[in-house]
Structures are given as C-alpha cells and as structure tokens.
Amino acid sequence: MFYFMTEKLHFEPELFGRFAAVQAIANIVGIYCYSKFCKQLNVRKLYVTTTYLVTLFCLMSVVLVKRWNVNMGIPDVAFILTDDSILEFFNEIHALPILVLSVRLCPQGIESSMYSLLWTVQLMGINVSTYISAICTYLLGVNNKNFDGLVPLIVICSLLHLAPVFFVWMIPEELPEENVQEKNPEMELYIP
Numbered sequence: 025m026f027y028f029m030t031e032k033l034h035f036e037p038e039l040f041g042r043f044a045a046v047q048a049i050a051n052i053v054g055i056y057c058y059s060k061f062c063k064q065l066n067v068r069k070l071y072v073t074t075t076y077l078v079t080l081f082c083l084m085s086v087v088l089v090k091r092w093n094v095n096m097g098i099p100d101v102a103f104i105l106t107d108d109s110i111l112e113f114f115n116e117i118h119a120l121p122i123l124v125l126s127v128r129l130c131p132q133g134i135e136s137s138m139y140s141l142l143w144t145v146q147l148m149g150i151n152v153s154t155y156i157s158a159i160c161t162y163l164l165g166v167n168n169k170n171f172d173g174l175v176p177l178i179v180i181c182s183l184l185h186l187a188p189v190f191f192v193w194m195i196p197e198e199l200p201e202e203n204v205q206e207k208n209p210e211m212e213l214y215i216p
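Numbered by the numbering used here, the letters in the sequence shown go through residues 25 to 216 in order.
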C-alpha cells in the first residue's frame, strides 16, 4: 500500500507522520477501552471478534484501491485516517488479552523471559507475514508501477488474518483473576 499511496495518490512524507500520530492515539484509546469495557469479557469470544474486525478493516483497503471512497465523496486522507485508526484500535484490543493472560500465568522471577518470548514470537510472526506478503506481491506482479494485482493481494493478506481463529481453542475461556503463583504460594520457581 505504501507505493500505492506515494505513486498513485501522491501522498507526502509529512502525511505519513500524521497517520502515525493518529494511530498512536488510537492505540491509547484501545488500551483504555480494553481496561474499561473488555477485560471481563470471555477471552476467546473477544479474540475471535477482534480477529474478524481486524480482517474486515484490512479489507477496507480495497475501497481505497478501487476508488469507491471518492465515488462516495470521502477524501483519501480522511478515509485512510479513519480506517487506520479503527484498525489500530481493534489491534490493541486484540493483543491485550493475550498479554494479560501471559502475565497472569507467568511464575515470579521469569517475567523478563516471558516478555522476551512474547516479543520473539511476535517478531517471528511479523517476519513470516512479511515473507508471505512479499511472495504474494511478486506472484501477483504488484510493484511501484503496476497495481493491477493489488486488490487480490489485499484480499489474500487480509484473509490470512483469520488463521489464528483455528487455534483459539488453546486460549483459556477466562483470564485468571490473579497471578498463578499468588494463587498457589506453595509453587516455587525451579532453576536448574
């Protein structure tokens, strides 16, 4: 989408900075809304719902590429700002239950290892998704001059967001109320 925005829509670098600022605000609002309204919800249902919403808002890029937003009278900048901020908002609500769950299930003394593990898994996921996107981009012939295959690329990449739904059964139904070790004080950290 970067090349589409710079080559086709002629967006300036300053505009990308504004997009990032709005996304940061949406992240903060997402954190607040999760802590205020979502933390008592069923973790699995929340995860599946936010997965579907993230997929839906990723698919909204098709509207921009097909220029349907212009036909509806919505300027490109307004459409992207709205779409990106809503997407970031739901992404934050999507990630927080997993982070909270891992913190509550983590025994005392290995919090930094758990944090490192979470970041490692997240970065591996980002790398894998980057490679899959690059392969699809190449196979569909999308480059900075040819955007003919961009719509199928957006659809494929968006639908791949649904893959984690098949593993949602691995997530506990609800978050534990407290840290596992606080609940079972006899549990000791084993360090070989």
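Positions of the beta carbon are idealized from the N, C-alpha and C atoms, including for glycine.
May I have the straight-line CA-CA distance separating residue i from residue j, to the nearest angstrom?
| i | j | result |
| --- | --- | --- |
| R128 | Y139 | 12 Å |
| M84 | Q132 | 43 Å |
| L77 | Q64 | 19 Å |
| E198 | L88 | 38 Å |
| E92 | K32 | This sequence places Trp at residue 92; Glu is not what is there. Cα-Cα distance, rounded: 15 Å. |
| S59 | H34 | 39 Å |
| Y71 | F113 | 14 Å |
| L123 | G173 | 36 Å |
Count the other CB atoms within 10 Å of the CB of residue i; is the residue buried (16 or more) or exposed (fewer)?
| i | result |
| --- | --- |
| F190 | exposed |
| V192 | exposed |
| A187 | exposed |
| E135 | exposed |
CB-CB under 6 Å to residue i, same chain, minus the five flanking residues each way: which ones, in chain order?
| i | result |
| --- | --- |
| F171 | F28 |
| V175 | V86 and V89 |
| L105 | V46 |
Within the same chain, show all residues whose beta-carbon is closer than 7 Å to that of residue i, passing over the 5 residues directly before and after it, in chain order.
| i | result |
| --- | --- |
| S126 | M138 and L142 |
Put residue i into one of helix, strand or coil per three-state DSSP.
| i | result |
| --- | --- |
| E31 | helix |
| P131 | coil |
| R91 | coil |
| C57 | helix |
| I98 | coil |
| I180 | helix |
| E114 | One point to set straight first is that residue 114 is Phe, not Glu, in the sequence displayed. Here F114 sits in helix by DSSP. |
| D172 | coil |
| F195 | It should be noted that the sequence gives Ile, not Phe, for residue 195. Note: I195 maps to coil in three-state DSSP. |
| L65 | coil |
| G165 | coil |
| G41 | helix |
Confirm the yes/no value for this check: CB of residue i, any heavy atom of the ligand ADP, distance under 8 Å.
| i | result |
| --- | --- |
| I98 | As presented, the structure is devoid of all ligands, the ligand ADP included, so that no description of it is given. |
Near residue i, what residues of its chain come up, given a Cβ to Cβ distance below 8 Å and the 5 sequence neighbours on each side ignored?
| i | result |
| --- | --- |
| C160 | L177, I180 and C181 |
| I55 | E116 and L120 |
| S109 | V46, Q47, I49 and A50 |
Using a Cβ distance threshold of 8 Å, determine whether the segment 26 to 40 contacts the segment 165 to 181, with at least three qualifying pairs required. yes
Specify whether the segment 155 to 163 and the segment 93 to 101 touch according to this definition: at least 3 beta carbon pairs, one from each stretch, less than 8 Å apart. no
Can we say the segment 37 to 56 touches the segment 68 to 76, given the rule of at least three CB pairs closer than 8 Å? no
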